[in-house]
Amino acid sequence: MKSWVSLLIGASLAFTFATTAAFAQGRGYGTGTSMYDPKTEVTVKGTIEDVQQQTGRRGWSGTHLVLKTDAATFDVHVGPSAYIAQQKFTFAKGDTIEVVGSKVTIAGKEALLAREITKDGKTLVLRNAQGIPQWSRGPRRGN
Numbered sequence: 031m032k033s034w035v036s037l038l039i040g041a042s043l044a045f046t047f048a049t050t051a052a053f054a055q056g057r058g059y060g061t062g063t064s065m066y067d068p069k070t071e072v073t074v075k076g077t078i079e080d081v082q083q084q085t086g087r088r089g090w091s092g093t094h095l096v097l098k099t100d101a102a103t104f105d106v107h108v109g110p111s112a113y114i115a116q117q118k119f120t121f122a123k124g125d126t127i128e129v130v131g132s133k134v135t136i137a138g139k140e141a142l143l144a145r146e147i148t149k150d151g152k153t154l155v156l157r158n159a160q161g162i163p164q165w166s167r168g169p170r171r172g173n
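First residue of the sequence shown: 31, per this note's numbering; consecutive thereafter.
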């Protein structure tokens, strides 16, 4: 019994320290939070070639866009589909958009983590200037 209690206490402490360390480094909820680097931020304009819904590790659905620009084609990681719908924003093949985001490498491929997307004069704000998602919980929200 004594070893069982020690094991539970140890596991709880390990989880607490790991969670605290992750949030201290700017990691929150959602894909790419810790990968966003304001130093690699770019602004690109192009046409959406495809809208994809991908299921994440925890069962949530994320929206990705295949964006064709004059210079390249980007895999744009937008954010949780539920958050995008809550903001009353939609994307469709053929839409012309402007994306402000961080160029990163994910699974060996170049991607763009979107911070803001402008379409038809409306801007969807996804992250603050430091890359912290607007859909995150707690006081880190906002700019």
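The beta carbon of each residue, even a glycine, is placed where N, CA and C say it ideally should be.
Buried or exposed: which applies to glycine 109, given that a residue is buried once 16 or more other Cβ atoms fall within 10 Å of its Cβ?
buried
Identify every run of the alpha helix (DSSP H) within the stretch 73–153, keeping only runs that are complete inside it and at least 4 residues long; order them along the chain.
111–116
Quick one: is isoleucine 136 buried, meaning 16 or more other Cβ sit within 10 Å of its Cβ, or exposed?
exposed
Beta-carbon spacing of glycine 76, leucine 95 below 7 Å
no
Rounded to whole angstroms, what is the Cα-Cα separation between glycine 124 and glycine 86?
26 Å
Taking DSSP's pairing of strands, which residues face proline 163 in a bridge?
Arg157
Could you tell me how far apart the beta carbons of glycine 81 and threonine 73 are, in whole angstroms, since I believe they sit closer than 8 Å?
Rather than glycine, the amino acid found at residue 81 in this sequence is valine. Valine 81 to threonine 73, Cβ: 20 Å. No contact.
What does the alpha-carbon distance come out to for the pair aspartate 67 and threonine 148?
20 Å
Ignore the nearest five residues each way along the sequence and tell me which others in tyrosine 113's own chain have a CB closer than 6 Å to its CB.
Trp165
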